[in-house]
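So the sequence shown is numbered by this note's numbering: it starts at 1 and just counts up by one. Below is one structure, written out as structure tokens; the observations come after it.
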Amino acid sequence: IQVYNLSLGYYGAMEPLLQKYMLRSLADNPNRYIVVSAGNRSASDTAKNLNSDTMFPKFYPAEFGRVMDRVLTVTTVQQPVSGTVVAVDRQNYSPTFVLG
């Protein structure tokens with residue numbers, strides 16, 4: 001197993017060069033998976049919407065997880081006293097494509 005840890009996340013428009021390199025990396029090896037963060041917000045950030053399904057601007061490269069096979073988008077979760085597992089405060093999430 002080879003693991004590379006890169007901090008490439010950003011909020012904004014899709015960057016074609018990043019998309020190209022991710023697609024090439026996946027095509028080079030059919031057994032390769034890319035794990036990316038769903039993203040987060042700092043305590044000083046005023047954005048309230050952390051749902052990746054509806055947020056704008058989008059967070060990349062997590063958004064590629066919607067359209068690229070073998071791109072796994074993950075977030076940090078917690079289980080409060082209520083017993084329901086939820087995304088940690090300030091962590092982006094998605095009920096449709098983010099693993100947590």
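We treat Cβ as the ideally placed atom computed from N, Cα and C, and that holds for glycine.
Which value, in whole angstroms, describes the spacing of the CA atoms of residue i and residue j?
i	j	result
R32	R66	17 Å
Y11	Y60	6 Å
V81	N92	21 Å
S42	G83	26 Å
F97	I1	24 Å
K48	L17	29 Å
Going by beta-carbon coordinates alone, are residue i and residue j separated by less than 8 Å?
i	j	result
F64	Q19	yes
A13	S94	no
Please identify the residue among the options whose C-alpha is closest to the C-alpha of residue i.
i	options	result
D45	D89, V81, Y93	D89
L8	I1, Q2, M22	M22
V35	A27, L6, P16, A47	L6
A27	V85, V86, R70	R70
S52	Y4, L99, V3	L99
A87	N40, K58, T54	N40
* To do: Answer yes if the stretch 24–31 comes into contact with the stretch 72–83, meaning at least three C-beta pairs across the two stretches below 8 Å, and no otherwise.
  => No, the stretch 72–83 does not touch the stretch 24–31.
* Which parts of the stretch 13–70 are runs of the alpha helix (DSSP H), unbroken and 4 residues or longer, counting only runs that do not cross its ends? -> Fully enclosed alpha helix (DSSP H) runs of no fewer than 4 residues occupy 16–28 of the stretch 13–70, in order along the chain.
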